[in-house]
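Per our numbering, the sequence shown runs over residues 381 to 776.
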Amino acid sequence: MQNKNQRRRLENLAYKWLVGDIKKVEREEFDKWFGQVDDTPMEISADIATSRSELETLLFNKIMQKIQRKKTKVKHFNLWHKVTTAAAILLIVSTCLDFHPRTTKQKSSYSVNNYDVAPGRNSATLTLSNGKKITLSGIEHDLITEEAGIDISETAAGQLIYKLKKSRKALKNRHTLSTARGENYHIRLPDGSLVWLNASSSLTYDIWSTEHKARKVELSGEAYFEVAKNKNKPFIVTTGLQQITVLGTHFNINAYQDTGPIKTTLLEGSVKVDIINSNVVNYHSRLLKKDTGKVLVPGEQSLVSFGRPIKVVEVNPEEELAWKNGIFLFSKEPIETIMMRVARWYDVEVIYQPGFKSKLFTGAVSRFEHISSVLKILELTGGVHFKIEGRRLFVM
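Below, the structure is given as structure tokens:
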């Protein structure tokens, strides 16, 4: 049994492997740990895989299912510890496998009717103070536009960059960066803070000058923040019922209106979570006024719901950050929740057929695959089938 520090180290190594960012020395450490794991052998067939990446994903999910079904004496044996074991086994199996993609694909168990949907792309829309809209498409532009006191450019990697000119008197520029379904984007704010926007999200912000006492932004949807440190100017994020105050830290906020409570997950530093607009909630106002806010430490997540006090739980932050690193990662989630994410990223309409019965799924698949690959992984998990007709996805 590993202690808490060992488990966290293994979780970190597993995640690095999963996103393809593990170094040689880290991989050797991971392999050494795997050699000490006593696990029963398992037969794995690669017949249904049509590429090496697909094979690795299928193996990964199959092993996770096996581990999840296996009973354990450890009461608090969390999902990510199981994922660590699965990733370690897969690491050995996939690297030793002499895999050759088949030239002819077997017929899938779902009907695509010659339709498939490409994954989302790196693009967004920038709305300027005067209402002008600029489409951002990830193509390098030395200068997209300029307003009083600022220049705006776009890098080849699809990052929006602001540069303040020498004259930094009070600026009244207020911009909104928004992504539609099937889009995400990355921005460097004027203070140097970095923000990654997920699909169907928007970030509204002022172009801060020396006269601003705080750096304020408004978020809808989901975003990951790496805030530049500035002790004299706190960074404040307002979204729905909550307000986040930080000086410099890394955190993720999920504030989609169709997914329940607002989730704020801290990776580094500290943030203070407060409930705002409590006067709107008449029958719960007394309860909300008693909630003086919560300060999060790394590894904690706050849950803010309408009319309820702030709840804080322990999570593995890397799970919440999987979307930023190009992965759909789901842990005992109902298909309806998974389909919400799929619909936002692939811009499809999800339709549930009569008689469909919900089921919990655990697995991982790249967000850069076509939708057919994602559906295949879910189908192989069992208990669900799909049919694609244009932009309509039927769940059966």
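For every residue, glycine included, the Cβ atom is placed at its ideal position computed from N, Cα and C.
Status (buried if at least 16 other CB within 10 Å, exposed otherwise) for residue i
i      : result
Asp515 : Here residue 515 turns out to be Thr, not Asp, going by the sequence shown. With fewer than 16 other Cβ atoms within 10 Å, it is exposed.
Phe686 : exposed
Ser580 : buried
Lys756 : buried
Lys643 : buried
Arg772 : exposed
Ile402 : buried
Lys519 : Lys is not the amino acid found at residue 519; the sequence shown has Ile there. Exposed is the call here.
Ser746 : buried
Glu408 : exposed
Cβ distance (whole Å) where residue i is taken to contact residue j below 8 angstroms
i      : j      : result
Asn553 : Asp586 : 7 angstroms
Leu557 : Leu583 : 5 angstroms
Glu713 : Leu683 : With a Cβ gap of about 16 angstroms, Glu713 and Leu683 do not count as contacting.
Thr619 : Ala594 : Going by Cβ atoms, the distance from Thr619 to Ala594 rounds to 16 angstroms, so no, they are not a contact pair.
Backbone secondary structure at residue i - three-state DSSP
i      : result
Trp576 : strand
Ala702 : coil
Val754 : helix
Pro697 : helix
Asp638 : coil
Lys412 : helix
Leu393 : helix
Gly519 : Correcting the residue identity first, residue 519 is Ile in this sequence and not Gly. Coil.
Glu749 : coil
Ala536 : coil
Glu769 : strand
Arg561 : coil
Lys611 : coil
Cβ-Cβ distance between residue i and residue j below 9 angstroms
i      : j      : result
Asn632 : Phe605 : yes
Ile731 : Val695 : no
Glu563 : Ser503 : yes
Val728 : Ile707 : no
Leu627 : Pro697 : no
Ala608 : Leu544 : no
Ile655 : Ile690 : yes
Lys652 : Val675 : yes
Gly763 : Tyr495 : no
Arg561 : Arg724 : yes
Gly529 : His566 : no
Thr717 : Gly743 : no
Among the options, the one whose alpha carbon lies nearest that of residue i
i      : options                           : result
Glu648 : Lys756, Ile707, Lys739 and Gly679 : Gly679
Phe362 : Gln733, Ser509, Phe748 and Glu698 : The first residue shown for the chain is 381 and the last is 776, placing residue 362 beyond what the model contains.
His630 : Gly743, Trp576 and Lys613         : Trp576
Ile768 : Thr559, Val754 and Glu406         : Val754
Val722 : Thr507, Pro499 and Asn634         : Pro499
Ala603 : Ser517, Lys704, Thr742 and Ser738 : Lys704
Ser573 : Gly620, Asn610, Lys593 and Glu700 : Asn610
Lys513 : Ala536, Thr559 and Val497         : Thr559
Val692 : Glu699, Ala702, Leu701 and Gln681 : Gln681
Val497 : Phe748, Leu758 and Glu759         : Phe748
Val597 : Lys613, Asn578 and Val617         : Val617
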